[in-house]
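Novice:
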DNA sequence: GCGTGACGTCGAAGCGCTTCGACGGGGGAA
DNA sequence: TTCCCCCGTCGAAGCGCTTCGACGTCACGC
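Protein chains in written order, with full-length UniProt numbering: chain A, 1 to 336; chain B, 1 to 336.
Quick look at the structure:
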């Protein structure tokens, strides 16, 4: 193994100079720096990660905790993870993957052994048991999602409340007066996952504000469940003309169900979704939607973490504004 | 930070004794070990990962390279990753996540900086550019999937060829004589991803062996494409009664397409799939399938790696035998 | 009774890097 | 001219852990 002393000897400088040339923490003359770089290239030098972490107490590794629970759309998680890895690499950091399963112990372990410098936690619940731990840990962390009491924590997410509102307002603008929200599976609400509830809040608030008739329907992520909800809506709310869907796997089956029940979309029924754009745009009928910008959230989380690691202050809450894209599934209310 | 010398002092022993009590690499008396454990507990000692890795040249971290390309079913990747993390944790190792995007450089970097002890590479292609690198690296690695020349490498995967055969043989047993394979998107074949081609080989070989009429149809993973293939099959191969699907997202849409074209499954057409069990079992009509056992492959990969790290020899090729589960989508050929 | 191991423990020497204090030399200010 | 300070570099001291050789003790076989 080629080490820093080898590089130093080859370049005719001391090891500390090599270190400074690499880190830029002290000024090094242009000429020396070039000699060092050349030596590194020739010898194929790679600094030893462990040695570095020991001496500098920085591992340049971030922990990412991913959820694996029912009711979470897996591709979104994956895309998010990928964006975290990519962003982290852009800041010369690597990413250690942890599963929710290990719980707080896993977080504690990687933080306290100095395996990682900082933590990203996904799928935060309103009263997440990991919150006290995250507050107590000496490493910075960023949460994806908002707990009930975000004090002292750094959180980032799509503004789901606003997303719910935006969907309703889009429907209002198109003249719809009776709307429904088809939401995530019941267990997601029971678990008190913030984002699902926030959509409901936004949806309801906007509906109330505009004097709409509205209802909310949690729903399992199966075609059969979609069919049932569609039938129920048709039966109980015959005047319904606008639907907001916040349940990725259900999007396509639900539209299918409406159509097979004789409702044309968007002719009889306008459908708008809160879902990843590439999903909403690729359904048989492209769906008007508020994008769930996993990549931006991931990049944002890494950015916040880097700032914290750099000692800079960051806002406690970062809410990404919803962006609605009109596609083929919404239209003016037919006055027939 | 509490360190090993603190523990040693508290337990009235030397630091090396603490280390040996922890690692078990030398015999330590029961009594001393208990005192050490107690001291660790009381002080809340956590060994510093970097120091450990420096002194022992073992980081206890594995690298996992995940693909993010078109035509790969994301949930499978995710499930696989989770199983790798879980298995690794069972062996006291953590997992560093790398994206395909970084390519060989990423592998080289984490290996040469001693950030990781070993590597797991997913989505290996027949002529994967990373193969020479993996052979040259001084760290052990395991590939998920088989390249054209696996010499000197350790590979594990479902035996996709046998899976193709098993599907055909199941159809043969049910009396079907005209069969088709609906496969992965064309780009997967172009890329020379081993597993897709192997299914085709197995399918074709078994069909030939049994004197069947057979055909192969790569297909995009969209409902529209499913519809087109279904129409094409109906038109060009009217005697068709058995279909093998090797394309996860297509499974449900394809069956829908057949039914909407007037073919009853399994009445007129038997469908069998190569797909994760939880997908095949959860379609509207549960589909007879050969399971793609991501969890087992992941656990197996970790197991192999641990053996290699332990200095033990391992087989170059590990092929998991296909297991076919009968569900509602296959039936005896109707002789009507 | 004495050699021989095995057992249990200790001390010290690193592992390869970063960082702190120090120092010589040169330029600007007084 | 003198003083000061900054620039660029060096040497040495760790960072916290593992591991190797050594050593005393005890039990056993001859």
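Note that beta-carbon positions come from the ideal geometry of N, C-alpha and C, so glycine has one too.
Which complete beta strand (DSSP E) runs does the region 232-283 of chain B hold, if anything under 3 residues is left out?
Specialist: Here the runs fully enclosed are 242-245 and 270-275.
Novice: At 7 Å on the CB atoms, spell out the chain B contacts of residue 337 of chain A, in chain order.
Specialist: No information on residue 337 of chain A is available, as it lies outside the stretch 1 to 336 that chain A covers here.
Novice: Identify the continuous beta strand (DSSP E) that holds residue 171 of chain B and give its terminal residues.
Specialist: Position 171 of the second chain, counting from 1, holds the residue named residue 171 of chain B. Run containing residue 171 of chain B: none in the beta strand (DSSP E); it sits in the alpha helix (DSSP H), 160-173.
Novice: Report buried or exposed for residue 272 of chain A, applying the criterion of at least 16 other Cβ atoms within 10 angstroms of its Cβ.
Specialist: Here residue 272 of chain A refers to the residue found at position 272 when the first chain is read from its first residue. Buried.
Novice: The beta strand (DSSP E) that contains residue 63 of chain A, what's its start and end?
Specialist: Translated into positions along the first chain, residue 63 of chain A becomes position 63. From DSSP, the beta strand (DSSP E) with residue 63 of chain A extends over 61-66.
Novice: Check this for me: beta carbons of residue 104 of chain B and residue 67 of chain B, under 8 Å apart or not?
Specialist: Taking the first residue of the second chain as position 1, residue 104 of chain B is located at position 104. Taking the first residue of the second chain as position 1, residue 67 of chain B is located at position 67. No, the Cβ-Cβ distance between residue 104 of chain B and residue 67 of chain B is not below 8 Å.
Novice: Please compile the residues from chain B whose C-beta is within a distance smaller than 7 Å of the C-beta of residue 112 of chain A.
Specialist: The residue labelled residue 112 of chain A in the question sits at position 112 within the first chain. What residue 112 of chain A touches in chain B: 46.
Novice: Taking 8 Å as the CB-CB cut-off, is residue 188 of chain B touching chain A?
Specialist: In the second chain, the residue the question calls residue 188 of chain B occupies position 188. No, because no Cβ of chain A sits closer than 8 Å to the Cβ of residue 188 of chain B.
Novice: State the start and end residues of the unbroken alpha helix (DSSP H) segment that holds residue 318 of chain B.
Specialist: If you number the second chain from 1, residue 318 of chain B lands on position 318. From DSSP, residue 318 of chain B is part of no alpha helix (DSSP H) but of the beta strand (DSSP E) over 317-320.
Novice: Taking the continuous beta strand (DSSP E) assigned at residue 217 of chain A, which residues delimit it?
Specialist: Taking the first chain and counting its residues from 1, the one referred to as residue 217 of chain A is at position 217. Here the beta strand (DSSP E) through residue 217 of chain A covers 213-217.
Novice: Residues bridged to residue 155 of chain B by DSSP?
Specialist: As a working note, residue 155 of chain B is residue 155 in the second chain. Answer is B/143 and B/317.
Novice: As a quick exercise: from B/185, B/10 and B/232, pick the residue whose alpha carbon is nearest that of residue 35 of chain B.
Specialist: On the second chain, position 35 is the one that residue 35 of chain B refers to. That would be B/10, whose Cα lies nearest to the Cα of residue 35 of chain B.
Novice: Using a cut-off of 7 Å between C-beta atoms, extract the partners of residue 78 of chain B located in chain A.
Specialist: The residue you call residue 78 of chain B lines up with position 78 of the second chain. Going along chain A in sequence order, the residues near residue 78 of chain B (Cβ under 7 Å) are 74, 77 and 78.
Novice: If residue 76 of chain A sits next to residue 294 of chain A, beta carbons under 8 Å apart, how far is it from one beta carbon to the other, in whole angstroms?
Specialist: Position 76 of the first chain, counted from the start, is the residue given in the question as residue 76 of chain A. Position 294 of the first chain, counted from the start, is the residue given in the question as residue 294 of chain A. Correct: roughly 5 Å between the Cβ atoms.
Novice: Which residues bound the alpha helix (DSSP H) around residue 17 of chain B?
Specialist: Start at 1 with the first residue of the second chain, and residue 17 of chain B comes out as number 17. That run of the alpha helix (DSSP H) goes 15-23.
Novice: Helix, strand or coil for residue 53 of chain A? Go by DSSP, reduced to three states.
Specialist: Sequence index remark: in the first chain, residue 53 of chain A carries index 53 (1-based). Note: residue 53 of chain A maps to helix in three-state DSSP.
Novice: Check whether chain A comes within 8 Å of residue 265 of chain B, counting only Cβ atoms and requiring the distance to be less than that.
Specialist: Walking along the second chain from the start, residue 265 of chain B turns up at place 265. Output row for residue 265 of chain B: interface = no.
Novice: Distance, Cα to Cα, residue 276 of chain B vs residue 314 of chain B?
Specialist: Residue numbering aside, residue 276 of chain B sits at position 276 when the second chain is read from its first letter. Residue numbering aside, residue 314 of chain B sits at position 314 when the second chain is read from its first letter. Looking at the two C-alpha atoms, the distance is approximately 27 Å.
Novice: Beta-carbon within less than 8 Å of residue 300 of chain B's beta-carbon, same chain only, minus the 5 sequence neighbours each way: which residues are those?
Specialist: Here residue 300 of chain B corresponds to residue number 300 of the second chain, with the count starting at 1. Answer for residue 300 of chain B: 156, 318 and 320, listed in chain order.
Novice: Contact between the region 164-175 of chain B and the region 232-245 of chain B is defined here as three or more beta-carbon pairs at a separation below 8 Å; is this criterion met?
Specialist: Yes: the two stretches touch, three or more of their Cβ pairs being nearer than 8 Å.
Novice: Below 8 Å between beta carbons: does that hold for residue 219 of chain B and residue 175 of chain B?
Specialist: Numbered from its first residue, the second chain carries residue 219 of chain B at position 219. Numbered from its first residue, the second chain carries residue 175 of chain B at position 175. No, the Cβ-Cβ distance between residue 219 of chain B and residue 175 of chain B is not below 8 Å.
Novice: Residues bridged to residue 289 of chain A by DSSP?
Specialist: Position 289 of the first chain, counting from 1, holds the residue named residue 289 of chain A. According to DSSP, which records beta bridges pairwise, residue 289 of chain A is partnered with A/273 and A/325.
Novice: Along the alpha helix (DSSP H) that carries residue 76 of chain B, what are the first and last residues, could you check?
Specialist: For this step, residue 76 of chain B is matched to residue 76 along the second chain. Its alpha helix (DSSP H) spans residues 74-90.
Novice: On the DSSP bridge list, what partners appear for residue 95 of chain B?
Specialist: Taking the second chain and counting its residues from 1, one reaches residue 95 of chain B at position 95. Its beta-bridge partners are A/97 and B/62.
Novice: Rank A/331, A/282 and A/186 by C-alpha distance to the C-alpha of residue 72 of chain A and give the top, closest one.
Specialist: In the first chain, the residue the question calls residue 72 of chain A occupies position 72. Selected option, being the one with the closest Cα: A/186.
Novice: I think residue 202 of chain A touches residue 124 of chain A, with their Cβ atoms under 8 Å apart; what is that distance to the nearest whole Å?
Specialist: Translated into the one-based positions of the first chain, residue 202 of chain A becomes position 202. Translated into the one-based positions of the first chain, residue 124 of chain A becomes position 124. With a Cβ gap of about 18 Å, residue 202 of chain A and residue 124 of chain A do not count as contacting.
Novice: If you check the beta carbons only, do residue 101 of chain A and residue 86 of chain B fall under 8 Å apart?
Specialist: The residue you call residue 101 of chain A lines up with position 101 of the first chain. The residue you call residue 86 of chain B lines up with position 86 of the second chain. Yes. Within cutoff.
Novice: Between residue 48 of chain A and residue 255 of chain A, what straight-line distance do the alpha-carbon atoms span, to the nearest angstrom?
Specialist: Mapped onto the first chain, residue 48 of chain A falls at position 48. Mapped onto the first chain, residue 255 of chain A falls at position 255. The straight-line gap from Cα to Cα measures roughly 55 Å.
Novice: Could you give the distance in angstroms between the alpha-carbon of residue 364 of chain A and the alpha-carbon of residue 137 of chain B?
Specialist: Here chain A comprises residues numbered 1 to 336, so residue 364 of chain A is not present and cannot be evaluated.
Novice: Run through DSSP, which three-state label would residue 180 of chain A get?
Specialist: Start at 1 with the first residue of the first chain, and residue 180 of chain A comes out as number 180. It is a strand residue.
Novice: Got a sec, what are the start and stop residues for the alpha helix (DSSP H) residue 119 of chain B sits in?
Specialist: Counting from 1 along the second chain, the entry for residue 119 of chain B is found at position 119. Where residue 119 of chain B is concerned, there is no enclosing alpha helix (DSSP H), although the beta strand (DSSP E) it sits in stretches over 118-121.
Novice: Would you say residue 234 of chain B faces chain A, with C-beta separation under 8 Å as the test?
Specialist: Sequence index remark: in the second chain, residue 234 of chain B carries index 234 (1-based). With 8 Å as the cut-off, residue 234 of chain B does not count as an interface residue toward chain A.
Novice: Going along the chain, which residues of its own chain have a beta-carbon closer than 7 Å to the beta-carbon of residue 91 of chain A, five neighbours each way excluded?
Specialist: Within the first chain, numbered from 1, the residue matching residue 91 of chain A stands at position 91. Excluding sequence neighbours, residue 91 of chain A sits near 302 and 306.
Novice: Taking C-beta pairs closer than 7 Å, name the residues in chain A that residue 225 of chain B reaches, listed in chain order.
Specialist: Taking the first residue of the second chain as 1, we reach residue 225 of chain B at position 225. None at all; the shortest Cβ gap to chain A is about 11 Å.
Novice: Since I believe residue 190 of chain A is in contact with residue 120 of chain A (beta carbons under 8 Å), could you give me their beta-carbon distance rounded to a whole number of angstroms?
Specialist: Here the question's residue 120 of chain A lines up with position 120 in the first chain. Here the question's residue 190 of chain A lines up with position 190 in the first chain. Wrong, their Cβ atoms sit about 25 Å apart, outside the cutoff.
Novice: How is residue 193 of chain A classed by DSSP in three states: helix, strand or coil?
Specialist: Residue mapping note: residue 193 of chain A aligns to position 193 of the first chain, counting from 1. Three-state result, residue 193 of chain A: strand.
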